[in-house]
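Student: FYI, this note's numbering numbers position 66 of the sequence shown as 534, with every residue one higher than the one before it. Ideal Cβ positions, reconstructed from N, Cα and C, are used throughout, including at glycine. Values in this document were obtained by computation on a predicted structure and should not be read as measured data. Below is a structure I'd like to ask you about.
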Amino acid sequence: LVLNKYASIIGISQEQAKNYSKWRSDRVFEKLLIDLNKIKYNPNQNPSNYFTIERYFSGELDSFLIGEKLDIYPCYSLPTFNERKLIVQFSDSLNQLYFKEYGVKTYSDFLTYHPHILCNVNPCINDTFVYPMKTYYQFLNNIKPIMYHLNGNVSEWANEVNYHFGGSWKDSYEKILEVDTFYSTTFSNDIGFRNVCKWVKWVNK
C-alpha cells in the first residue's frame, strides 16, 4: 500500500475523485509499459483505441504489444476505512501513541519530532484565504515514516460512499481528536482527496 504524500485539490465531488483515480491508474500503467518496452507508444489515440487497463488485458490493444503482458497493474483508489487505519499509524501529532514509543513526554520533546503544530483556524472570513499545508513524510530515526498534516488540513474522501477522513481547517483541534470520520453528500471547499496505490493481479472479468 503506497500513499501519495501531497495535499490534494479541494472542491471536487467524491465521484470526480474516483473517476480521476481510475484515469490515473490507466495513465501510470501505460507509461510504465512504454518505459519497460512492453507496448509501443501511440501518439494517435482515439475513442476506439485509447489505452485502458481493461483493454490491455482483454487483448484489444495487442497490435501495440512488444513483449509478454504483465499480469499485475497499479490500482489507484480512494482509501477504505481499513486502509485509513493503516495510514493513521504513521500520522502526525494526533497519533500520540506513536510518539510514546520514542519517549515524547514534554512539549519540547514534541516539537523535536513534530515542528508543525496543527492550526485551529476559523472558516475563511472577509475574503481571507486559508491555504492547505503540503503533506509530506520523513523517516523518524530511520525507522518509520511519519506523515505530516494528515489531520486538520483538508478532509479527504474515503472510498466508502459520502464519507471523508481527517477533519479540516474548519474544524477545531478538539473535534478532530474526537472524530476522524465525517459524512457529506456534496463537495466542499474543505474536502479533497488522496490516492492509495496497490499492485493488483489481473483477473479476467
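Buried or exposed, going by whether 16 or more other CB atoms sit within 10 Å of the CB of G620?
Tutor: Its Cβ being crowded by 16 or more others within 10 Å, G620 is buried.
Student: What distance in whole Å lies between the Cβ atoms of F633 and R552, which are believed to be in contact at a cut-off of 8 Å?
Tutor: About 5 Å; that satisfies the 8 Å criterion.
Student: What's the gap between the Cα of W637 and the Cα of S489?
Tutor: Those two C-alpha atoms are separated by around 24 Å.
Student: Please report the straight-line C-alpha distance between S481 and G527, rounded to a whole angstrom.
Tutor: Rounded to the nearest angstrom, the two C-alpha atoms are 33 Å apart.
Student: Answer with buried or exposed for E536, where buried requires no fewer than 16 other C-beta atoms within 10 angstroms of its C-beta.
Tutor: E536 is exposed by the Cβ-count criterion.
Student: List, from N- to C-terminal side, the alpha helix (DSSP H) runs of 4 residues or more that fit wholly inside the region 475-526.
Tutor: Runs found: 482-503, 521-526.
Student: Would you grab the beta carbon distance between I540 and W670 for me? Rounded to a whole angstrom, and I think it's under 8 Å.
Tutor: Contact holds; Cβ gap of about 7 Å.
Student: Looking at the secondary structure, which residues open and close the alpha helix (DSSP H) in which F549 lies?
Tutor: Element bounds for F549: 549-556.
Student: State the Cα-Cα distance for the pair G635 and N627, rounded to the nearest angstrom.
Tutor: Roughly 16 Å separates the two Cα atoms.
Student: Can you name, in chain order, every residue of its own chain whose Cβ lies under 7 Å from the Cβ of Y518, other than the five neighbours on each side?
Tutor: So no residue of the chain qualifies.
Student: Just to confirm before moving on: does the CB-CB distance between I555 and V664 stay below 9 Å?
Tutor: Contact: yes.
Student: For the beta strand (DSSP E) containing K669, list its first residue and its last residue.
Tutor: Counting along the chain, the beta strand (DSSP E) containing K669 begins and ends at 664-669.
Student: Along the chain, where does the alpha helix (DSSP H) containing I644 start, and where does it finish?
Tutor: Where I644 is concerned, the enclosing alpha helix (DSSP H) stretches over 641-646.
Student: Using beta-carbon positions only, say whether I534 and D494 come within less than 9 Å of one another.
Tutor: No, Cβ-Cβ distance for I534 and D494 is not below 9 Å.
Student: Under 9 Å between the Cβ atoms of K666 and C543?
Tutor: Yes, the pair counts as a contact, with Cβ atoms nearer than the cut-off.
Student: Can you tell me which of P515, R523, L538, P511 puts its alpha carbon nearest to the alpha carbon of L500?
Tutor: Of the candidates P515, R523, L538, P511, the one whose C-alpha sits nearest the C-alpha of L500 is L538.
Student: Less than 8 Å between the CB atoms is what I'm expecting for I478 and D658, so what's the real figure, rounded?
Tutor: Indeed they touch by this definition, with Cβ atoms about 7 Å apart.
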